[in-house]
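A.B. asks: Residue numbers (the UniProt record's numbering), protein chains in the order written: chain A, 1 to 513; chain C, 1 to 513.
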């Protein structure tokens, strides 16, 4: 986008850039949510929902498909009948008491550490998509190239403080895929990485690579999470084998699980916001309880991702009023438990159009006003997660950057109010281009967009009438060309490569299900 | 859009629509803002800004170009030097005390009345554009046809509770234009109409037409506003002839002025949010004071529209972090005064693309969290107001409808939490398609979009891969074809037509400046 800006006419002969005393500095790495949290239900209603969730776990139970998890629940006091686990409220209460309320996720550099607690605000780009799409190459099954490129783009924007499992690299064999995704994350970014919970062998491989590459001994690894995973229950009320195994493995090794029932109102959850979130809450509590039974104090995030289906077609919808209200309700329950929590934005649109922008931003505001700690799928998600769009990552990142700007607040001291330095310097109908206040601040006053364009219609037309999507293509191409990966320790990279070669020769580790 | 929905496959053999007990009903006409108001500055800072605004009026003064207005200010106690008017804080305090805190704008039917007070939420589509644009006919100078069509579209959506001066009908001679715009508003909608303040003769023509058509005698007209105008100061610190005249004429006749300095930080206002809003506040207070000097208790709204320029090009920008914070600051000052107030969304984009959607929604959320009573330019505005887009009105109205849905809140009683009617009816890994709760609510549970499309990628591709913009064209075409204008009283229409014919023969009323 640099050329776009450079080509713009300077309307006024103001001072040169070198005369401005400051460079504009931003810090999007450690954000605090500036928005007042919003309620959709009364405190009594929230307590009733929590009570109903406890009753659901006690009377209806969870189906748990992993024998080891059943055994852990049973040892912890649960009543077990076959694969049905009935979890008492005292078990849940103990888990909520022991789960940490503040978690520091460790990046590859201390300035990449990310604090997860109520009030902090962390964004992730869209994740888990089988397909990738962009305007140059069209929509295709996700590939290793896509995963690499998406990692570089996510690394570029500070506002994405955690990595996400962006797109599935379908051209990498499944028994070797986790080596590829971990190596890519380690080489191309120093942000807090993601590890899929697809069985213990893959998880252990991931932990090993991470510890070796980042030089973390077992004790340190156990004391703070250096990676995280997302655990989706199979709603309603089922915890499957890899997800249960993931909760156990991550808790046992001190790594972070984000327990997120993914529920669509009217399909795998009740049709009401209150019902869907109550069910989601019960399932999240079951997962959280398992982590604390494995290891008291294990890092775990409360999670929700609840939207509605279109009742005419059964298709999932996102960024809807019900999605928004579900985020609010989940936020109230998260604050009720005191745990950091994740929510999600997203879009059902099939292309990065106005619908996609509006849905994602509606979903985002629901999360922001719900006080979500981590907002996943905050950029790039299309088709309800069936694809990630390169252009949409860029256009959504513009919104996220602007929200990050809002986190910084604004000043209103005498210099900012500016009676002397601005208001009294200008005659009626005059202009403020050259006031003392403007001269001090014109280089730093305003957010500078990377894809939004403020050219007037004539200039914009002369330049080819490019819409934001078309410009976004140039932005991601520029990011890939710049390739601003962190410095690489060649020794550690060698160790990593050797490990992968050895494990590949041994047959890798197929995903478990 | 009806065909799009009808063509969708019904995935499940659920009950027919006739089995559902309820029809979905919405009420978007009387909205209360459900969002907690957000502060950007401390209460002390806001008080300092108010004090600085008072000092600005007392020490620096307003330039007032209309002798009648100068005389009124002088009679009210202001110090006058030439065309400079210095307004004492006691005058401002008296005006803020006498200005009504709740105003009912009267529509053509009682269900179209609109209450303006802190806490109520009213949307207007984008206004004041010289150009119109749509995908079928391209961008062109605004015409009578555009004004008529835009009026029909604005009438169609209940969420637009006030009419706006959408697009300038440039093919209607300026001395007759106000007859055309008033007749169009009266014939095509019963919503609270807009009258431009372009000199006393036009204003009086407008009042006459409105009173005759709606059967309102002088006394009743004086007691409640039946129309409104927007008064923009010429920032900094200038009140020009037509604007001053408008404030006087509207106040004298009990009609509503919305006093809105339009300020761009770094151009006609200080470069800081605090400075720009302080200046804007002082100008708004000057305008409000004039209305109360003319007639104590005259209906008047506090207004702000402050965004920033791009300091590289001088071009106006909208939906930026500074725009958002300016709305928040204005909201704090409005609450400080207790008056209903208007703010604005908007976009600088040159086409209805992702930038346009994102900017408008960012601007909107700034207004929503600022507790704005009236949000103007909430749909359709492009190019910083140089054009209105038919498609953008449709796509933005989708967002506004979803926000209106949020105003209604959600229930969380036992039936909604649904332990009996939903959660306990479904086995683990089952579905909720046929629970008692779902069967009672599937027809009414969720907002139904008019332009967003939830079809999956395959279906969407088969249907022609239409983006939201393309679908929006069909939506506005459908609205125009339906032409759901209110019932017309032929006698009153005849009287209106006679009046216009007579006034046209007399030479009409040229705008004054």
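Glycine included, C-beta positions come from ideal geometry on N, C-alpha and C.
Residue 407 of chain A by DSSP, collapsed to three states: which one?
C.D. replies: Three-state result, residue 407 of chain A: helix.
A.B. asks: What beta strand (DSSP E) runs, 3 residues minimum, are completely inside the stretch 328-364 of chain A?
C.D. replies: 341-344
A.B. asks: Hey, how far is the Cα of residue 164 of chain C from the Cα of residue 151 of chain C?
C.D. replies: If you draw a straight line from the Cα of residue 164 of chain C to the Cα of residue 151 of chain C, it comes to about 8 angstroms.
A.B. asks: Anyone know if the C-beta pair for residue 179 of chain A and residue 209 of chain A falls short of 9 angstroms?
C.D. replies: yes
A.B. asks: Tell whether a beta-carbon distance below 9 angstroms holds between residue 323 of chain A and residue 380 of chain A.
C.D. replies: Not closer than 9 angstroms, so no.
A.B. asks: I'd like to check one pair, residue 192 of chain C with residue 529 of chain C: are the Cβ atoms closer than 9 angstroms?
C.D. replies: Given that chain C is displayed from residue 1 to residue 513, the structure contains no residue 529 of chain C and the question cannot be resolved.
A.B. asks: Using the Cβ count rule (16 or more neighbours within 10 Å means buried), how would you classify residue 36 of chain A?
C.D. replies: exposed
A.B. asks: Within the continuous beta strand (DSSP E) that includes residue 256 of chain C, where are the two ends?
C.D. replies: 256-259 is the extent of the beta strand (DSSP E) around residue 256 of chain C.
A.B. asks: So residue 342 of chain A and residue 303 of chain A are supposed to be a Cβ contact under 8 angstroms. How far apart are they, rounded?
C.D. replies: Contact between residue 342 of chain A and residue 303 of chain A is confirmed by a C-beta separation of about 5 angstroms, below the 8 angstroms threshold.
A.B. asks: Identify whether residue 500 of chain C lies in helix, strand or coil by the three-state DSSP scheme.
C.D. replies: helix
A.B. asks: Is DSSP giving residue 295 of chain A helix, strand or coil here?
C.D. replies: DSSP places residue 295 of chain A in coil when its eight states are reduced to three.
A.B. asks: So if I threshold CB-CB distances at 9 angstroms, which residues from the stretch 408-432 of chain A count as touching chain C?
C.D. replies: 408, 409, 410, 411, 412, 413, 414, 415, 416, 417, 418, 419, 421, 422, 423, 424, 426, 427, 428, 429, 430, 431 and 432
A.B. asks: Quick one, are the C-beta atoms of residue 398 of chain A and residue 361 of chain C less than 9 angstroms apart?
C.D. replies: no
A.B. asks: Can you find the residues in the same chain that come closer than 6 angstroms, C-beta to C-beta, to residue 453 of chain A, ignoring five residues on each side of it along the sequence?
C.D. replies: none
A.B. asks: Per DSSP, which one or two residues make a beta bridge with residue 176 of chain A?
C.D. replies: Beta bridge pairing from DSSP links residue 176 of chain A with no other residue.
A.B. asks: Have a look at residue 10 of chain A and residue 314 of chain C and give me their C-alpha separation to the nearest angstrom.
C.D. replies: Since pLDDT at residue 10 of chain A reaches only 40, below the 50 mark, its modelled position is unreliable, and the value read off the structure follows with that caveat. The straight-line gap from Cα to Cα measures roughly 7 angstroms.
A.B. asks: Between which two residues does the beta strand (DSSP E) harbouring residue 458 of chain A extend?
C.D. replies: From DSSP, residue 458 of chain A is part of no beta strand (DSSP E) but of the alpha helix (DSSP H) over 457-462.
A.B. asks: Does any C-beta atom of chain A lie closer than 9 angstroms to the C-beta of residue 141 of chain C?
C.D. replies: No, residue 141 of chain C lies away from the interface with chain A (no Cβ there is under 9 angstroms from its Cβ).
A.B. asks: From residue 255 of chain A to residue 224 of chain A, what does the alpha carbon distance come to, in whole angstroms?
C.D. replies: Cα-Cα distance, rounded: 7 angstroms.
A.B. asks: Using a C-beta cutoff of 9 angstroms, does residue 380 of chain C count as contacting chain A?
C.D. replies: no
A.B. asks: Buried or exposed for residue 13 of chain C, going by 16 or more other Cβ atoms inside 10 Å?
C.D. replies: A caution first: residue 13 of chain C carries a pLDDT of 40, below 50, which makes its placement in the model too unreliable to give a value.
A.B. asks: Can you pull out the residues from the stretch 229-253 of chain A whose beta carbon lies closer than 7 angstroms to at least one beta carbon of chain C?
C.D. replies: 234, 236, 237 and 238
A.B. asks: Count the other CB atoms, across all protein chains shown, that sit within 10 Å of the CB of residue 195 of chain C; report buried if there are 16 or more and exposed otherwise.
C.D. replies: buried
A.B. asks: In the DSSP assignment, what residue or residues form a beta bridge with residue 31 of chain C?
C.D. replies: C:121
A.B. asks: Is residue 509 of chain C buried or exposed, if buried means 16 or more other CB atoms sit within 10 Å of its CB?
C.D. replies: buried
A.B. asks: Closer than 6 angstroms by C-beta to residue 278 of chain C: which residues in its own chain qualify, once you throw out the five before and the five after it? Chain order, please.
C.D. replies: 49, 52 and 53
A.B. asks: By alpha-carbon positions, which one of A:368, A:392 and A:416 ends up nearest to residue 32 of chain A?
C.D. replies: A:368
A.B. asks: Please say whether residue 306 of chain A and residue 280 of chain A have beta carbons closer to each other than 9 angstroms?
C.D. replies: yes
A.B. asks: Let me see if you follow: with CB-CB separation under 9 angstroms, is residue 322 of chain A close to chain C or not?
C.D. replies: yes
A.B. asks: Can you find at least 3 beta carbon pairs, one from the stretch 233-247 of chain A and one from the stretch 429-444 of chain C, that sit closer than 8 angstroms?
C.D. replies: Because the criterion of three Cβ pairs below 8 angstroms is met, the stretch 233-247 of chain A and the stretch 429-444 of chain C touch.
A.B. asks: Can you tell me where the beta strand (DSSP E) holding residue 134 of chain C begins and where it ends?
C.D. replies: 131-134
A.B. asks: Is any beta-carbon of chain C found at less than 9 angstroms from that of residue 46 of chain A?
C.D. replies: yes
A.B. asks: Which residues, in order along the stretch 345-373 of chain A, keep a beta-carbon less than 8 angstroms from a beta-carbon of chain C?
C.D. replies: Correct list: 348, 349, 350, 351, 352, 353, 354, 355, 356, 357, 358, 359, 361, 362, 365 and 369.
A.B. asks: Could you check if residue 192 of chain A belongs to the surroundings of the ligand COA, using beta carbon to heavy atom distance under 8 angstroms?
C.D. replies: Within the structure as shown, the ligand COA is missing, as the structure has no ligands at all.
A.B. asks: Using a 10 Å radius around the Cβ and a threshold of 16 neighbouring Cβ atoms, would you call residue 63 of chain A buried or exposed?
C.D. replies: buried
A.B. asks: From residue 154 of chain C to residue 139 of chain C, what does the alpha carbon distance come to, in whole angstroms?
C.D. replies: If I take the Cα positions, the gap works out to 19 angstroms.
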